[in-house]
Amino acid sequence: MGRKTIHKRGVLVISSGSSNMEAIRVSLGSIENMISEEFKDWEVRRAFTSEAIIEKLRKNSGIIVDNVEKALKKMNVEGFENVILQPLHIIPGSEYEKIVETLKKYKTIFKNIALGRPILYYEKDYKRALDALRTQVPCLNHDEAVVLVGHGTKHTSNIFYKRFQEIIDEEGLRFYVVTLDEYPTIYDIISKLKKDEVRKIFLMPFMLFFGGHGMRDIAGDKDDSLKNILKREEFEVSIYEHGLGENIEYQKIYLQHVKDVMY
33 MGRKTIHKRG VLVISSGSSN MEAIRVSLGS IENMISEEFK DWEVRRAFTS EAIIEKLRKN
93 SGIIVDNVEK ALKKMNVEGF ENVILQPLHI IPGSEYEKIV ETLKKYKTIF KNIALGRPIL
153 YYEKDYKRAL DALRTQVPCL NHDEAVVLVG HGTKHTSNIF YKRFQEIIDE EGLRFYVVTL
213 DEYPTIYDII SKLKKDEVRK IFLMPFMLFF GGHGMRDIAG DKDDSLKNIL KREEFEVSIY
273 EHGLGENIEY QKIYLQHVKD VMY
């Protein structure tokens, strides 16, 4: 028998995670597959930043996903020398900063280690993200609009959503950016939607997964879901039931961000 090959180069694909296995398959799995196909001599691995999701998967499904630090420790033990960390986050918020801090601990452990960037980071990223978004947006009539729903964060990076809205406005598109947890909320744009004579709204997740959190808070049956809030305001509402990770153009963005730091 020949000597067993030891993988020396790896891409660690990092997301917040999801407990929805179908969302993982169609979003995260698709991105991982694209990276694997492009870089056949790099092993692609997975890590989540949400400890709650990691524990939920372990307890409910027996599925083990490492956090970033555990994944890097394993890669070190298994002989990896060159590692790229590619986050699938939309903005460089607190979870991205934790990845940065973890990477610092391993700067001297691996021969080379590099960190890719999230969807929105440099100014040029906004335009590419918008172009990718156009591919999943229907042709809009004069009384129709898209409401893009991000998670939102108390971190200062929440301003990235504001900048994205500015880019959208410069393009003259009927897209409105809101967040679930921070400014702007759905309540902050209702008056603008009415002023702009919008009657039909396409609610579209601006997040990697359309899993449990998005399903409940965007499209759920509870009174404070975005769907029901808008319906009470007499808008006609349709739900786009897909995360950005399912859009091949967003998959290509993540792939490019790996290429940008490839050594």
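Per the working numbering, the very first residue in the sequence shown carries number 33; after that it's consecutive. We put the beta carbon where it would ideally sit given N, CA and C, even for glycine.
message = Spatial neighbours of residue 148 within its chain, please: C-beta separation below 8 Å, excluding the five flanking residues on both sides.
response = Counted from its first residue, the sequence shown places residue 148 at position 116. Taken in chain order, the residues that qualify are 116, 117, 118, 119, 286, 289, 290, 292 and 293.
ask   = From residue 85 to residue 103, what distance separates their C-alpha atoms?
value = Walking along the sequence shown from the start, residue 85 turns up at place 53. Walking along the sequence shown from the start, residue 103 turns up at place 71. Roughly 16 Å between the two C-alpha positions.
query = What span of residues does the alpha helix (DSSP H) with residue 286 cover, start to end?
reply = Position 254 of the sequence shown holds residue 286. Element bounds for residue 286: 280-293.
ask   = With 16 as the cutoff for other CB atoms within 10 Å, does residue 137 come out buried or exposed?
value = For this step, residue 137 is matched to residue 105 along the sequence shown. That one is exposed.
query = So, are the CB atoms of residue 235 and residue 169 less than 7 Å apart?
reply = Sequence index remark: in the sequence shown, residue 235 carries index 203 (1-based). Sequence index remark: in the sequence shown, residue 169 carries index 137 (1-based). No, these two residues do not count as a Cβ contact at 7 Å.
inquiry  = My output table needs one value for residue 172: the three-state DSSP class, helix, strand or coil.
reply    = For the purposes of this step, residue 172 is taken as residue 140 along the sequence shown, with counting starting at 1. DSSP places residue 172 in coil when its eight states are reduced to three.
query = Are residue 182 and residue 211 close, meaning C-beta to C-beta below 7 Å?
reply = The residue labelled residue 182 in the question sits at position 150 within the sequence shown. The residue labelled residue 211 in the question sits at position 179 within the sequence shown. Going by C-beta atoms, residue 182 is nearer than 7 Å to residue 211.
task = To the nearest angstrom, report how far apart residue 276 and residue 127 are at their CA atoms.
result = Counted from its first residue, the sequence shown places residue 276 at position 244. Counted from its first residue, the sequence shown places residue 127 at position 95. Rounded to whole angstroms, the separation of the alpha carbons of residue 127 and residue 276 is 18 Å.
query = Between the beta-carbon of residue 295 and the beta-carbon of residue 108, is there less than 7 Å?
reply = Sequence index remark: in the sequence shown, residue 295 carries index 263 (1-based). Sequence index remark: in the sequence shown, residue 108 carries index 76 (1-based). No, the pair does not count as a contact, with Cβ atoms beyond the cut-off.
request  = Check whether the Cβ atoms of residue 252 and residue 55 sit closer than 7 Å, and answer yes or no.
outcome  = Within the sequence shown, the letter at position 220 stands for residue 252. Within the sequence shown, the letter at position 23 stands for residue 55. Not a contact, by the Cβ cut-off of 7 Å.
task = Please confirm whether residue 238 and residue 50 have their CB atoms less than 7 Å apart.
result = Here residue 238 refers to the residue found at position 206 of the sequence shown. Here residue 50 refers to the residue found at position 18 of the sequence shown. No.
query = Taking C-alpha atoms, which residue in 46, 73 and 74 lies nearest to residue 61?
reply = In the sequence shown, the residue the question calls residue 61 occupies position 29. Sorting 46, 73 and 74 by C-alpha distance to the C-alpha of residue 61 places 46 at the top.
request  = Would you list, in sequence order, the uninterrupted beta strand (DSSP E) runs of no fewer than 3 residues that lie entirely inside the region 210-283?
outcome  = 232-237 and 268-271
inquiry  = If I follow the unbroken beta strand (DSSP E) through residue 41, where does it start and stop?
reply    = For the purposes of this step, residue 41 is taken as residue 9 along the sequence shown, with counting starting at 1. Looking at the DSSP string, the run of the beta strand (DSSP E) that includes residue 41 is 41-47.
query = Is DSSP giving residue 182 helix, strand or coil here?
reply = Mapped onto the sequence shown, residue 182 falls at position 150. Three-state result, residue 182: strand.
message = In the DSSP output, which residue or residues are listed as bridge partners for residue 116?
response = Locating residue 116 in the sequence shown gives position 84, where the first residue counts as 1. 43 and 146.
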